[in-house]
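Peer 1: Numbering of the sequence shown is given in full-length UniProt numbering, commencing with residue 1 and proceeding in unit increments. Glycine included, each C-beta is placed from N, C-alpha and C at the ideal position.
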Amino acid sequence: MVKFIIRRLLGMIPVLFVISVLLFTLVQSVPGDAFTGDLNPKIDKKYIDEMREKFGLNKSPVEQYFIWLKNFAQGEFGISFKNKLPVSDLIVDRIGNTVFLAVTTLIITYLLAIPIGIYSANRPYTLSDNTITTFSFIGLSLPTFFGALLAIYIFSINLEWFPSSGTVTAGAGYTGIQYLLDRLHHVLLPAVTLAILSVASYTRYIRSSVLDVKQQDYVRTAYAKGLPRKKVMRKHVLRNALMPLITFFGLDLGGLFAGAVLTETVFTWPGLGRLIFESTVNRDYPVMMTCYMLIAISILIGNLIADILYAKADPRVRYD
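#1: Sort out for me which residues DSSP pairs Ile79 with in a bridge.
#2: Considering just the uninterrupted stretch of the alpha helix (DSSP H) at Tyr223, what are its terminal residues?
#3: Can the beta-carbon of Ile206 be found less than 8 Å from the beta-carbon of Tyr310?
#4: Return the CA-CA distance between Ile95 and Val27, expressed in angstroms with no decimal places.
#5: Give the DSSP-derived three-state secondary structure of Phe55 in the structure shown.
#6: Tell me which same chain residues have a C-beta within less than 8 Å of the C-beta of Thr104, skipping the five on either side of it?
#7: Gly117: which of Val261, Leu238, Leu304 sits nearest, CA to CA?
#8: Would you mind reading off the limits of the alpha helix (DSSP H) that contains Gln74?
#9: Using alpha carbons as the reference points, say which of Glu53, Val92, Leu111, Phe24 lies closest to Trp68.
#10: Buried or exposed: residue 326, going by 16 or more other Cβ atoms within 10 Å of its Cβ?
#11: Determine the direct distance from the alpha carbon of Tyr47 to that of Lys82, and round the result to whole angstroms.
#12: Please name the residue, chosen from Asn158, Val99, Ser198, Pro163, that lies closest to Gly137 on a Cα-to-Cα basis.
#13: Using alpha carbons as the reference points, say which of Ala306, Gly176, Gly147, Leu272 lies closest to Asp93.
#14: Put Ser164 into one of helix, strand or coil per three-state DSSP.
#15: Specify, as a first and last residue, the run of the alpha helix (DSSP H) that residue 407 falls within.
#16: Beta-carbon of Met1 versus every beta-carbon of chain D: anything under 8 Å?
#17: Measuring only the C-alpha atoms, how far is Lys84 from Gly171?
#18: Would you call the CB atoms of Thr263 and Ala148 closer than 8 Å?
#19: Whole angstroms is fine: what's the gap from Val15's alpha carbon to Met1's?
#20: Can you give me the start and stop residues for the alpha helix (DSSP H) that Lys231 sits inside?
#21: Measure the Cβ-Cβ separation of Ala222 and His236 and say whether it is below 8 Å.
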């Protein structure tokens, strides 16, 4: 297993290099830069030229890329064009909120999708199964930003059950358990909105997987031996049907960071997703590149963790 992990980590280096080249090319293809974006009649052109010279924007794209790559490899993420602060400081300030949102979203996803998917699989083609299937397709078709706006309109504006923005109640000064409950109160609405798509897709997958496993010979043999239905479901059906969810876990790690861009923007959630949106609007290249690379790294690390967990859960899988 150790050799496998080392091989995978080394294999990430060329992958990240290719990703960085593609991302840098995409970022550079956007017309203008952070300073032309701020251009107005009151700004002196000499000041703009000085800023471009200071941040190396007068160099060729190839030179800019290798300077950025060298600094990134050394853990130097540069200075934000917009905020004039180290990119690392901006990310440290925001990433905690995004991790909290992502973890809450994952918990909600699994708590809802697994029982609903199993329930649907145990009652195939009934009214309840068709209802769940219909709502799953609606969830898959619902754009994230539309779901977020709809959730704010219903639960924040009309019902006033949840706040529509922020991570804590401003000026409340909560501590201890009150602070935690206040954080949960603020994160629930954006987390549920972000989880809708995952719950819908997971529910469909779990239903199909459970139905498929129930048709396997070893399940029929277990029933033929007279084992109770609950024991067959727990030891044979669910154990095998839910195993592939470990693989999805790896993809979710990066997917939630990427998917949080729209959700955090709509809910004014001060996380990494909103930072990505702000830096993209302001053409803040150092922040954009660092955030995009962190998403890529999280996806690769997530897949590695998923492979390790899969090997631990299934003794038939060996990587060495």
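Peer 2: Once the coordinates are examined:
#1: Within the DSSP secondary-structure output, Ile79 pairs in a beta bridge with Pro86.
#2: Tyr223 -> alpha helix (DSSP H) spans 217–224.
#3: In this structure, Tyr310 does not lie closer than 8 Å to Ile206 by Cβ.
#4: Going by the C-alpha atoms only, they are around 22 Å apart.
#5: Correct three-state label for Phe55: coil.
#6: Here the set comprises Leu184, Val187, Leu188, Ala191.
#7: Nearest C-alpha to Gly117: Leu238.
#8: Taken as a continuous stretch (DSSP letters only), Gln74 belongs to no alpha helix (DSSP H), as it is neither H nor E.
#9: Answer by Cα proximity: Phe24.
#10: There is no way to answer for residue 326, as the model of the chain reaches only from 1 to 320.
#11: Roughly 14 Å between the two C-alpha positions.
#12: Just to set this straight, residue 137 is Phe in the shown sequence, not Gly. Closest option to Phe137, Cα to Cα, is Ser198.
#13: When only C-alpha atoms are compared, the closest one is Leu272.
#14: In this structure, Ser164 counts as coil in the three-state DSSP scheme.
#15: What the structure shows of the chain is the stretch from 1 to 320, and residue 407 is not part of that stretch, so it cannot be assessed.
#16: In the displayed structure, chain D is absent; only one protein chain is listed.
#17: Cα to Cα, the separation comes out at about 28 Å.
#18: Yes, Cβ-Cβ distance for Thr263 and Ala148 is below 8 Å.
#19: Using only the alpha carbons, I get a separation of about 21 Å.
#20: In the DSSP assignment, Lys231 falls within the alpha helix (DSSP H) that extends over 229–232.
#21: Yes; because the gap between Cβ atoms is below 8 Å, this pair is in contact.
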